[in-house]
Each structure stands twice: as structure tokens, then as C-alpha cells.
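A short write-up of the structure that comes next.
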Ligand code: GLP
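Following this line, the structure appears as C-alpha cells:
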């Protein structure tokens with residue numbers, strides 16, 4: 001049930017296995033009448049996982065009635081109904097197509113006034129613990145080595161907070177925003193400490209574009225320069241890669 005082999009022929013094959021592990025966990029928790037707390041990610045990497053979960057809901061009756069979700073991050077400032085928002089992304093790719101209770105969906109709010117942001121982040125962090133902690137955290141990786149939006153320099157024990165985005169992160173996001181000048185300079189993100197408390201972590205990386213940061217993450221020295229290297233210290237993390245992303249290992 002847990003994935004041990006990590007290099008797949010393509011992202012479709014890898015995503016299917018990850019979706020199956022998530023579905024298995026949801027059902028296991030259902031049988032115990034427990035909620036299943038999922039940490040979710042945005043970006044192109046998890047899209048096929050969400051597609052597969054939606055298919056399982058439609059065709060196999062997989063229910064999300066016991067699922068509570070916490071998303072990793074959101075741009076700041078960002079309106080919820082903006083097509084570039086992670087709020088919009090999650091509804092488009094997953095939440096609008098499954099039977100999750102709206103009150104069980106948690107996504108960092110990009111509209112919180114600046115002076116309330118610190119307090120808001122504290123509450124977001126606390127809500128994860130109050131829900132029982134993350135049973136499973138899905139991750140992508142940015143070319144700066146960020147997970148969530150924990151950019152280089154992020155501390156091992158960091159918690160949910162606002163952060164300034166790296167140049168490379170904003171450049172990678174520029175096409176979606178139709179120009180670098182439109183990409184927000186800040187974001188709200190769960191911390192490395194928040195993510196590291198998850199009982200299980202699966203990081204997805206697809207394509208040649210990710211091969212160097214994947215190598216640095218898996219084989220490099222643990223360092224704040226590449227925050228994803230902190231995952232080396234987590235006892236239950238699997239990297240799910242396609243052949244291209246694994247090509248520099
Ligand atoms: C953004 C997100 C990350 C994501 C990364 C990679 O910066 N905040 O959570 O992992 O992009 O995106 P993609 O999966 O599109 O390569």
C-alpha cells in the first residue's frame with residue numbers, strides 16, 4: 001500500500017499510485033470512523049492525482065465525507081475568485097467534483113488584512129493540530145527548492161507564516177499571470193515544521209525541468225539553501241518521480 005519504488009515511466013502512472021494510497025487511507029479511516037486529514041498542494045504536479053481521485057469518486061463511489069483538507073499555501077494578497085488563486089485551482093481541480101463538506105476545506109486566505117496576518121497564520125497552524133495533525137501531505141517542488149512556498153532560508157522549525165517569493169519562483173509563475181509584474185511578491189505558507197509533522201509525505205516531481213532540484217533535494221547536504229532537503233530527516237517520505245525528473249540522480 002505504501003509506495004517504495006519511486007521512479008515511474010510517466011506522471012500518469014505515478015499519479016495513479018499516489019491517488020490509490022490516498023484513497024486507501026481515506027477508506028481505512030472511514031472504517032475506524034475517523035476523519036482523514038490531508039495536506040494538499042497546487043501547481044501542475046498534483047493535477048493528475050486529483051483527476052484520479054475525482055474518477056474514483058465518480059466511478060467507484062469513493063467518499064470524501066470524512067476528509068478534512070489543509071492547503072499548503074496561497075499567494076498574498078490574492079482574491080479567492082481570481083483564476084490565479086490556489087483557492088480557485090483547488091475548486092476547479094478537486095473540490096467542485098467530490099463530496100467533501102465545505103467546512104472541512106482549509107486554504108490560506110489571501111484576503112486577510114496585513115495587520116491581522118500574523119494572528120491569522122497562528123490560527124491556521126493551530127487548526128491543523130486541532131484537526132489531529134496531517135495524516136498525509138502531498139507536495140510538489142519549486143525550482144528554488146521550495147516546498148509549499150518555503151523559499152531558501154526557511155528554518156527547519158518554521159510554521160505557517162507570510163513569506164517573500166524568490167525571483168525564480170515568480171519567473172516560473174509569470175506565464176500564468178501574463179507577466180512577471182503581475183505575480184504577487186508574497187505568499188502565505190505552511191512552514192517546514194508544519195509539513196514535517198505530517199505522518200506521511202509524498203513529493204511529486206515530473207519532467208526534465210525538475211531533475212536538478214530533485215538531485216539536490218535527495219542527494220545534497222541538508223541545508224536552508226534548499227528547504228526541500230529537510231525532507232531527508234522525515235522518516236516517512238517518498239519521492240515519486242518520472243524518468244525525466246530522476247535523470248540527474
Ligand atoms: C508553486 C507552489 C508549490 C509547487 C511549485 C511547483 O510555487 N507553491 O507548492 O510545488 O509551484 O509547481 P509545479 O507543480 O507547477 O511545477
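Residue numbers (this note's numbering): 1 to 249. Positions of the beta carbon are idealized from the N, C-alpha and C atoms, including for glycine. Quick caveat: nothing in here was measured; it's all calculated off a predicted structure.
Local Cβ density within 10 Å of residue 136, reported as buried at 16 or more and exposed below that:
Position 136 of the chain shown, counted from the start, is the residue given in the question as residue 136. Residue environment for residue 136: buried (at least 16 other C-beta atoms within 10 angstroms of its C-beta).
Residues bridged to residue 41 by DSSP?
Here residue 41 corresponds to residue number 41 of the chain shown, with the count starting at 1. Residue 41 has no beta-bridge partner at all, per DSSP.
What span of residues does the beta strand (DSSP E) with residue 71 cover, start to end?
What you label residue 71 is simply residue 71 of the chain shown in a count that begins at 1. First-last of the beta strand (DSSP E) with residue 71: 67-71.
Which stretch, first to last residue, makes up the beta strand (DSSP E) that contains residue 136?
Here residue 136 refers to the residue found at position 136 of the chain shown. Segment 136-139, the beta strand (DSSP E) holding residue 136.
Less than 8 Å between C-beta atoms, sequence neighbours within five positions excluded: which residues of the same chain meet that for residue 103?
The count along the chain shown starts at 1 and reaches residue 103 at position 103. If the five residues before and after residue 103 are omitted, its C-beta is found closer than 8 Å to no C-beta atom of its own chain.
Inter-residue Cα distance where the pair is residue 252 and residue 72:
Since the first residue shown for the chain is 1 and the last is 249, residue 252 is missing from the structure and cannot be characterised.
Any heavy atom of ligand 1 closer than 7 Å to the beta-carbon of residue 231?
Here residue 231 refers to the residue found at position 231 when the chain shown is read from its first residue. Judged by the Cβ position, residue 231 fails to qualify as a neighbour of ligand 1 at the 7 Å threshold, every heavy atom of the ligand being at least this far.
Is it the case that the Cβ atoms of residue 101 and residue 53 are separated by a distance below 8 Å?
Here residue 101 refers to the residue found at position 101 when the chain shown is read from its first residue. Here residue 53 refers to the residue found at position 53 when the chain shown is read from its first residue. No. Outside cutoff.
For residue 205, count the other beta carbons within 10 Å of its own beta carbon; 16 or more makes it buried, fewer makes it exposed. Which is it?
The residue you call residue 205 lines up with position 205 of the chain shown. With 16 or more other CB atoms across the displayed protein chains lying within 10 angstroms of its CB, residue 205 is buried.
For residue 80, the first and last residue of its enclosing alpha helix (DSSP H)
In the chain shown, the residue the question calls residue 80 occupies position 80. Taken as a continuous stretch (DSSP letters only), residue 80 belongs to no alpha helix (DSSP H), as it is neither H nor E.
So is the beta-carbon of residue 35 under 7 Å away from any non-hydrogen atom of ligand 1?
For the purposes of this step, residue 35 is taken as the residue at position 35 of the chain shown. The answer is no for residue 35.
Buried or exposed: residue 154, going by 16 or more other Cβ atoms within 10 Å of its Cβ?
Along the chain shown, read from residue 1 onward, the residue named residue 154 stands at position 154. A buried status is given to residue 154, since no fewer than 16 other beta-carbon atoms sit within 10 Å of its beta-carbon.
Closest residue to residue 157 among 121, 234 and 194 (Cα-Cα distance):
Locating residue 157 in the chain shown gives position 157, where the first residue counts as 1. Of the candidates 121, 234 and 194, the one whose C-alpha sits nearest the C-alpha of residue 157 is 194.
In the DSSP assignment, find the beta strand (DSSP E) that holds residue 186 and state where it starts and stops.
Here residue 186 is taken as the residue at index 186 of the chain shown, counted from 1. Counting along the chain, the beta strand (DSSP E) containing residue 186 begins and ends at 186-189.
So for residue 151, helix, strand or coil by DSSP?
Indexing the chain shown from 1 puts residue 151 at position 151. Look at residue 151 here: in three-state DSSP terms it is coil, with no helix or strand label.
Between which residues of its own chain and residue 170 is the CB-CB distance below 7 Å, once the five residues before and five after are set aside?
As a working note, residue 170 is residue 170 in the chain shown. Cβ neighbours of residue 170 beyond the five flanking positions: 180 and 183.
Ligand 1 site residues, beta-carbon cut 6 Å against heavy atoms:
Those residues placing their Cβ nearer than 6 Å to any heavy atom of ligand 1 are, following chain order, 41, 42, 43, 44, 45, 72, 73, 140, 141, 142, 148, 149 and 169.
Give a yes or no on whether the C-beta atoms belonging to residue 220 and residue 214 are separated by under 8 Å.
On the chain shown, position 220 is the one that residue 220 refers to. On the chain shown, position 214 is the one that residue 214 refers to. 8 Å or more divides the Cβ of residue 220 from the Cβ of residue 214.
Out of 70, 86 and 69, point me to the one whose CA is closest to residue 77's CA.
Taking the first residue of the chain shown as 1, we reach residue 77 at position 77. The alpha carbon of residue 77 has as its nearest neighbour, out of 70, 86 and 69, the alpha carbon of 86.
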